[in-house]
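Sequence lines, in order, name chains A and B. To convert, count from 1 in the first sequence and add 1; that's this note's numbering. To convert, count from 1 in the second sequence and add 1; that's this note's numbering. Even glycine gets a Cβ: it sits at the ideal position worked out from N, Cα and C. The block underneath contains the structure these notes are about, expressed in structure tokens.
Number of protein chains: 2
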Amino acid sequence: MAGVGTRGRRPGGVDTRAEIVTAARQEFAEKGYDGVTLRGIARVADVDPALVHHYFANGKEELFVAAMQLPFSPAERLPDVLAGGVDGLGERMARFFLSVWGDPQGREPFLAVLRAALTNEQAAAMLRGFVAQTILSRVAAALDVPPEERELRVEVAAAQLIGVAMLRYVLRIEPLASANEDDVVALVAPTLQHYLTPDL
Amino acid sequence: MAGVGTRGRRPGGVDTRAEIVTAARQEFAEKGYDGVTLRGIARVADVDPALVHHYFANGKEELFVAAMQLPFSPAERLPDVLAGGVDGLGERMARFFLSVWGDPQGREPFLAVLRAALTNEQAAAMLRGFVAQTILSRVAAALDVPPEERELRVEVAAAQLIGVAMLRYVLRIEPLASANEDDVVALVAPTLQHYLTPDL
Numbered sequence: 002m003a004g005v006g007t008r009g010r011r012p013g014g015v016d017t018r019a020e021i022v023t024a025a026r027q028e029f030a031e032k033g034y035d036g037v038t039l040r041g042i043a044r045v046a047d048v049d050p051a052l053v054h055h056y057f058a059n060g061k062e063e064l065f066v067a068a069m070q071l072p073f074s075p076a077e078r079l080p081d082v083l084a085g086g087v088d089g090l091g092e093r094m095a096r097f098f099l100s101v102w103g104d105p106q107g108r109e110p111f112l113a114v115l116r117a118a119l120t121n122e123q124a125a126a127m128l129r130g131f132v133a134q135t136i137l138s139r140v141a142a143a144l145d146v147p148p149e150e151r152e153l154r155v156e157v158a159a160a161q162l163i164g165v166a167m168l169r170y171v172l173r174i175e176p177l178a179s180a181n182e183d184d185v186v187a188l189v190a191p192t193l194q195h196y197l198t199p200d201l
Numbered sequence: 002m003a004g005v006g007t008r009g010r011r012p013g014g015v016d017t018r019a020e021i022v023t024a025a026r027q028e029f030a031e032k033g034y035d036g037v038t039l040r041g042i043a044r045v046a047d048v049d050p051a052l053v054h055h056y057f058a059n060g061k062e063e064l065f066v067a068a069m070q071l072p073f074s075p076a077e078r079l080p081d082v083l084a085g086g087v088d089g090l091g092e093r094m095a096r097f098f099l100s101v102w103g104d105p106q107g108r109e110p111f112l113a114v115l116r117a118a119l120t121n122e123q124a125a126a127m128l129r130g131f132v133a134q135t136i137l138s139r140v141a142a143a144l145d146v147p148p149e150e151r152e153l154r155v156e157v158a159a160a161q162l163i164g165v166a167m168l169r170y171v172l173r174i175e176p177l178a179s180a181n182e183d184d185v186v187a188l189v190a191p192t193l194q195h196y197l198t199p200d201l
């Protein structure tokens, strides 16, 4: 309970990082991903904004990942998926997605945010901004598709993967739930590839 | 409150149907779709099984639809989608699905069961059985695909649609959320068609 009873901005301490994360969780829930600023989180946490930058050098994305206890940030893992360009991108996306969701510990935090998004609009707004800005826009930027189609194509590709997660890991409908990963990849990777590279 | 205090099996009355529906809801939640019998529902509702048949001539599917307040049963609407055979089936599925989910009143009961399925395993088991038996198996039976691939193909097609529903109507990610229905159909119908008729 260090810091309790202390007024004014506190210096960094053992639980300062945790308090910033708690403040971030509250701010994301209230304002959505797009509406949150690091300065606003610092204010709620009652710390100097420089401390927020100190603990979360990668900014809002890293704060959201910490607040939602996600196992990694898109900034950490997407570059590998996107490296190598659009050739084979559908298969790399499918394999990466299935490897994350195939791990019960890995999928739980994602399920939690999805569950919240289905339950209230604030949580939906929060997840919407995060997914759009940290995942979909990065994939869209990698595509060689006219700008007016790019985002829609990335979104229907993402929809394919999210739907597979719902049926395979949440509803656990057979045979999809027990199908081996290669068979699922063989079915959905060409679909993703077609959405992402319509001319190839 | 007619019937309260009356012991033994009650005859059909103004609220008998409602009591059967309440009993059905409880039984589906406890036993999953597959584990429920009309006889078991009659026992919980404390009515003669013949009365359950009287009110729900189409059996378990109709009881589930009433219990979950779904706007229609697959038995009522799927025949139209499947009529005409596999030719154009992807487009008819996409249009039907989007028309149901595009209506806020229409999608609410489906969202409710999906939300429950994300929250607890009993609700997931209930929805799993219903979807598998009343939707997926009917679509699978209409396909000209080797039996060992049929269900998996229907499931990844269903996954595409459910994922679109999540991103378009729940997360409301743009541009997908505001895209007109024809543009969404133009993107996903060929995917569905490819899953359902791989050789065409």
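Min CB distance residue i to chain B below 9 Å
i	result
residue 173 of chain A	yes
residue 123 of chain A	no
residue 75 of chain A	no
residue 192 of chain A	yes
residue 16 of chain A	no
residue 34 of chain A	no
residue 169 of chain A	yes
residue 80 of chain A	no
residue 159 of chain A	yes
residue 62 of chain A	no
residue 68 of chain A	no
residue 90 of chain A	no
residue 25 of chain A	no
residue 20 of chain A	no
residue 28 of chain A	no
Same chain, Cβ closer than 7 Å to residue i, neighbours up to 5 away in sequence not counted
i	result
residue 2 of chain B	Because the pLDDT of residue 2 of chain B is 43, which lies under 50, any placement of that residue in the model is unreliable, and the question is left without a value.
residue 35 of chain B	130
residue 190 of chain B	91, 92 and 95
residue 146 of chain A	154 and 199
residue 166 of chain A	102
residue 26 of chain A	68
residue 45 of chain B	24, 27 and 28
residue 53 of chain B	21, 39, 42 and 43
Own chain, CB closer than 6 Å to residue i, minus 5 neighbours either side, in chain order
i	result
residue 192 of chain A	161
residue 174 of chain B	168
residue 177 of chain A	168 and 169
residue 71 of chain B	110
residue 66 of chain B	74
residue 136 of chain B	75
residue 51 of chain B	none
residue 97 of chain A	82
residue 182 of chain B	99
Cβ of residue i within 9 Å of any chain A Cβ
i	result
residue 163 of chain B	yes
residue 99 of chain B	no
residue 140 of chain B	no
residue 87 of chain B	no
residue 189 of chain B	yes
residue 148 of chain B	no
residue 48 of chain B	no
residue 196 of chain B	yes
residue 176 of chain B	yes
residue 152 of chain B	yes
Close Cβ partners of residue i (< 8 Å) along its chain, the five nearest in sequence each way excluded
i	result
residue 59 of chain B	74 and 76
residue 139 of chain B	75, 79 and 83
residue 195 of chain A	91
residue 18 of chain B	56
residue 106 of chain A	72
residue 186 of chain B	92, 95, 96 and 99
Near the ligand NAP: residue i beta-carbon under 8 Å from a heavy atom
i	result
residue 109 of chain A	Ligands are entirely absent from the displayed structure, and the ligand NAP is therefore not among its contents.
Of all the alpha helix (DSSP H) runs that stay within the bounds of the stretch 40-88 of chain B, which reach a length of 4 or more residues?
50-56, 61-68 and 75-83
4-residue-minimum alpha helix (DSSP H) runs that sit fully inside the stretch 88-138 of chain B, ordered along the chain:
90-102, 105-120 and 122-132
When you compare the stretch 150-169 of chain B with the stretch 156-172 of chain A, are there three or more beta-carbon pairs, one atom per stretch, that lie closer than 8 Å?
yes
Members of the stretch 106-137 of chain B that neighbour chain E once the beta carbon cut-off is set at 8 Å:
The structure shown contains no chain E; its protein chains are A and B.
Check whether the stretch 109-128 of chain A and the stretch 25-32 of chain A are in contact - that is, three or more C-beta pairs closer than 8 Å.
yes
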